[in-house]
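*Asks:* Pasting in a structure now, in structure tokens, and then I'll have a few things to ask.
Protein chains in written order, with our numbering: chain A, 4 to 116; chain B, 131 to 243.
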């Protein structure tokens with residue numbers, strides 16, 4: 004597509020439920036990143052994919068968080084047993100060459116109640 | 131010490147003013163540099179890349195000083211529409227051969243009539 008697409012745009016879930024967030028990068032972009040941003044805070048790196056592999060998972064905050072990427076394209080970020088502190092905007096970005104910067108999707112706003 | 135540091139502001143300036151934002155980074159393996167703009171409740175969008183020679187795009191001028199590990203953004207003739215958070219971003223090459231964008235926490239700009 005023309006841009007990075009994320010779904011859903013908004014998600015409200017009950018504490019303890021699992022959620023799955025989806026990112027569809029720009030066609031041809033091999034690098035894909037997940038960040039999250041809590042209200043009024045800066046961007047926090049979560050995970051990076053190059054193709055289908057994830058050389059850097061260092062930002063995942065706990066083992067409740069996992070991500071995968073298939074076919075070098077779509078990525079899903081899964082949060083198990085959601086907690087209220089997981090509430091944030093989850094942003095996906097992609098790039099064909101990181102040297103030139105990334106393009107962000109519009110994010111998924113997750114609210115855990 | 132944070133890898134990328136910015137003055138959080140806010141900078142409150144009148145229309146037509148010139149305003150400058152500064153940013154310092156700590157990792158000498160930084161390869162490329164950017165300024166992103168983020169509007170309230172929106173995703174970050176690439177404003178401009180920053181090159182060693184300095185670069186200009188209309189009212190915006192960005193400069194990089196690698197020796198001092200310092201980046202700047204100058205906005206001339208501020209418009210109301212320039213009100214946003216400006217994110218200093220550094221692309222770092224890691225030993226595993228992958229890149230990662232590190233974001234500053236952002237500088238808030240408010241332009242008033």
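Glycine included, every Cβ here is placed at the ideal spot set by N, Cα and C. Quick caveat, the model's predicted, so the values are computed rather than measured.
Out of curiosity, what's the CA-to-CA distance linking residue 77 of chain A and residue 166 of chain B?
*Replies:* Looking at the two C-alpha atoms, the distance is approximately 24 Å.
*Asks:* Go through the stretch 142 to 203 of chain B residue by residue and report every complete run of the beta strand (DSSP E) that reaches 3 residues or more, in order.
*Replies:* Segments of the beta strand (DSSP E) lying fully in the stretch 142 to 203 of chain B: 149 to 155, 160 to 168, 175 to 180, 185 to 187 and 190 to 195.
*Asks:* Could you pull out every residue in the same chain whose Cβ sits closer than 6 Å to the Cβ of residue 231 of chain B, ignoring the five residues on either side in sequence?
*Replies:* Excluding sequence neighbours, residue 231 of chain B sits near 219 and 221.
*Asks:* Taking 8 Å as the threshold (beta carbon to beta carbon), is residue 53 of chain A in contact with chain B?
*Replies:* Judged by the 8 Å Cβ criterion, residue 53 of chain A is in contact with chain B.
*Asks:* Just mark residue 72 of chain A as buried or exposed, buried being the case when its beta carbon has 16 or more other beta carbons within 10 Å.
*Replies:* So residue 72 of chain A counts as buried.
*Asks:* Do residue 212 of chain B and residue 205 of chain B have their CB atoms nearer than 8 Å?
*Replies:* Yes, the pair counts as a contact, with Cβ atoms nearer than the cut-off.
*Asks:* Starting from residue 162 of chain B, find everything on chain A with Cβ-Cβ shorter than 9 Å and list it in chain order.
*Replies:* Residues of chain A passing the Cβ test: 101, 102, 103 and 104.
*Asks:* Determine, for residue 49 of chain A, whether the minimum Cβ-Cβ distance to residues of chain B falls below 8 Å.
*Replies:* Not one chain B Cβ lies under 8 Å of residue 49 of chain A.
*Asks:* Relative to the alpha-carbon of residue 209 of chain B, which residue among B/170, B/190 and B/226 has its alpha-carbon at the smallest distance?
*Replies:* For the residues B/170, B/190 and B/226, the minimum Cα distance to residue 209 of chain B belongs to B/190.
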